[in-house]
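Asker:
In this note's numbering, the protein residues as written are 129 to 311.
(1) Distance, Cα to Cα, residue 233 vs residue 187?
(2) Going straight from the alpha carbon of residue 227 to that of residue 236, what length do you get?
(3) Which whole-angstrom value is the C-beta distance of residue 198 and residue 136, which I expect to be below 8 Å?
(4) Hey, out of 208, 182 and 138, whose CA is closest to residue 275's CA?
(5) Where does residue 132 fall in DSSP's three states?
(6) Does the beta-carbon distance from residue 163 to residue 133 come in below 8 Å?
(7) Would you mind reading off the limits of the alpha helix (DSSP H) that contains residue 221?
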């Protein structure tokens, strides 16, 4: 909403079919009216693409190179698919993580090789959840909810503490799992 309301281009590339929920939630029928003029319509996602991880990756690289989107949500399902099928930490899961690492290498190369993107791109990298065994449903297991979160780009120095960078809006959760109502 915020990017689109400021007349910035938006895109969604994902390899999980259930993420069609985002496109349906922000389409011309269900999206909110722009909060700011000019009013660009209710469809908040300019480009929506869903395919296999490899198909998503290829389409995303081509789309970003051609369109220089202002905001993109990108999701690769490889580690999640392997975790549920073969177990988190299995050889297949490790291979899936390595595959996504290769995708990220391609993304960084594209950004650094494009003068429009280089020095003007911020990447936030995260997992949607962890896992143990073949699932991630035990709420008290820290391996299920402790996830990596990395930032890369202009204005983010290596080693920056993200909680310190966002001290006004985010508190370090410590080693426990905060409730949804915790500050």
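Think of the CB as a built atom: it goes at the ideal place given N, C-alpha and C, for glycine as much as any other residue.
Answerer: Checking against the coordinates, here is how it stands:
(1) 16 Å
(2) 14 Å
(3) 4 Å
(4) 208
(5) helix
(6) yes
(7) 219-241
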